[in-house]
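Note that the sequence shown covers residues 989 to 1152 in the working numbering. Here a beta-carbon is modelled for each residue, glycine too, at the ideal position from N, C-alpha and C.
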Amino acid sequence: MRFADKERIEHLDAKLYNCLDAFPSPAKYDCFYTNPPWGASNAGESVKVFTQRGMEAIGWQGEGLVVIADDNQLAWPQQVLARSQLFALENGFFVSKFQPKMHLYHLDDEPDLKSCNMFFRSVPGMNPPLAASEAITDPDRLQNFYGKSKEPRVHYVREKKRLD
């Protein structure tokens, strides 16, 4: 938010939030953007959790962008891409645009890994889920959430007020 305040962008809002907690406010945003953990070690479950929270943020109606691994040389990115698209369809969204291999990462374990921008849009006329947002507590969804043997741990981030 400091960026928006400094640049006097009045219509930009950000909140500190842990995606494993229930979404704090219902349907108050127009679109979402997320760059989730890759999901290489959990069949894309971490991607689905972050995408679900984005969909909840827009009340299951609108558009979103997910940055996700996209590499034809590796099997897991293709599997995660397919599972993410299926998750979107099951929740009333479709892929409206796809920008393949947009980014290159310099990761120790995958030095040539690329990622894409996958845009989702809600299907017109679909009824959004009626269930309230709930915390993610299912051990199967949390296993290897941030990579192999890297389950989430609770951390608190507190922003210090600055004078500028």
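Query	Result
Between the CA atoms of Glu998 and Phe991 - distance to the nearest angstrom	11 Å
Presumed contact (8 Å Cβ cut-off) between Tyr1021 and Gly1047, rounded CB distance	At roughly 16 Å, the Cβ-Cβ gap does not stay under 8 Å, so Tyr1021 and Gly1047 are not in contact.
Nearest-angstrom beta carbon gap, Glu1044 and Phe1011 [assumed within contact, 8 Å]	4 Å
Collapsed DSSP secondary structure at Gly1047 in the structure displayed	coil
Distance, Leu1095 Cα to Leu1069 Cα	19 Å
Collapsed DSSP secondary structure at Ala1057 in the structure displayed	strand
Own chain residues within Cβ distance below 6 Å of Leu1062, not counting five before or after	none
Cutoff 6 Å; reference His1091; Cβ partners in own chain excluding five residues on either side	Ser1103
Opposing strand residues paired with Phe1091 [DSSP bridges]	Sequence inspection shows His at residue 1091; the Phe mentioned does not correspond to that position. For His1091, which the question treats as bridged, DSSP gives the partners Ser1103.
Residues sharing a beta bridge with Arg1109, DSSP	Glu1051 and Phe1082
Buried or exposed by the 16-neighbour rule on C-beta atoms within 10 Å, applied to Leu1101	buried
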